[in-house]
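A.B. asks:
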Amino acid sequence: MKRKILKDVIIDRKSKYTVLYNYIENKEDLQNFLKLIKSDSYFKKATHNSYAYRILQENGSVIEGKNDDGETGAGLCILREIQRVDFVNVVVVVTRFFGGIMLQSDRFKHVINATKIFMYSGFEANF
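Residue numbers for the sequence shown follow the numbering used here, so the first one is 303 and each next one is one higher.
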């Protein structure tokens, strides 16, 4: 299973963003990966673990979904970015550790930029 984590890719007003991706082939892979994140002490400390995924089906259709984890709109930001470059068989998680200062709309810019950092980080993938 291919996996990559980039910690603290963005730091703004003491909030820190981490991005993580995992190769998935089906919803079972997705659920297993999400369970792994929820049980990991690093991710348990996060304020938000927003994610989006896209899975290519045998018939050529794509199943996709998102979850904001309390950061309204964050999952959609991630999903739009992976749709834009047509990534499939992947789940991308953007984690925020709240630094005590509200970021207002900058939080969406940071979610998008964290996703882009992942996409252009030279990760190994065969999507």
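Ideal placement from N, C-alpha and C gives every residue a C-beta, glycine not left out.
Source: prediction; values computed, not measured.
1. Buried or exposed for Thr374, going by 16 or more other Cβ atoms inside 10 Å?
2. When DSSP builds the beta bridges, which residues end up paired with Val394?
3. Looking at the structure shown, is Arg409 part of a helix, part of a strand, or coil, going by DSSP?
4. Please look up how many angstroms separate the CB atoms of Asn391 and Glu327, rounded, as I've assumed it's under 8 Å.
5. Cα-Cα, which of Ile357, Phe399 and Phe420 is closest to Lys346?
6. Does the separation of the CB atoms of Val413 and Val394 fall below 7 Å?
7. State buried or exposed for Tyr344, treating a residue as buried only when at least 16 other CB atoms are found within 10 Å of its CB.
C.D. replies: Here's the rundown:
1. Within the sequence shown, residue 374 is the residue found at index 72, counting from 1. Thr374 should be labelled exposed.
2. Within the sequence shown, residue 394 is the residue found at index 92, counting from 1. Answer is Tyr323 and Ala354, bridged to Val394.
3. Position 107 of the sequence shown, counted from the start, is the residue given in the question as residue 409. Reduced to three states, the DSSP call for Arg409 is helix.
4. As a position in the sequence shown, residue 391 is number 89, starting the count at 1. As a position in the sequence shown, residue 327 is number 25, starting the count at 1. Confirmed, about 6 Å.
5. Here residue 346 corresponds to residue number 44 of the sequence shown, with the count starting at 1. Comparing Cα positions, the closest option is Phe399.
6. The residue you call residue 413 lines up with position 111 of the sequence shown. The residue you call residue 394 lines up with position 92 of the sequence shown. Going by C-beta atoms, Val413 is not nearer than 7 Å to Val394.
7. Working through the sequence shown from its first residue, we reach residue 344 at position 42. Exposed is the call here.
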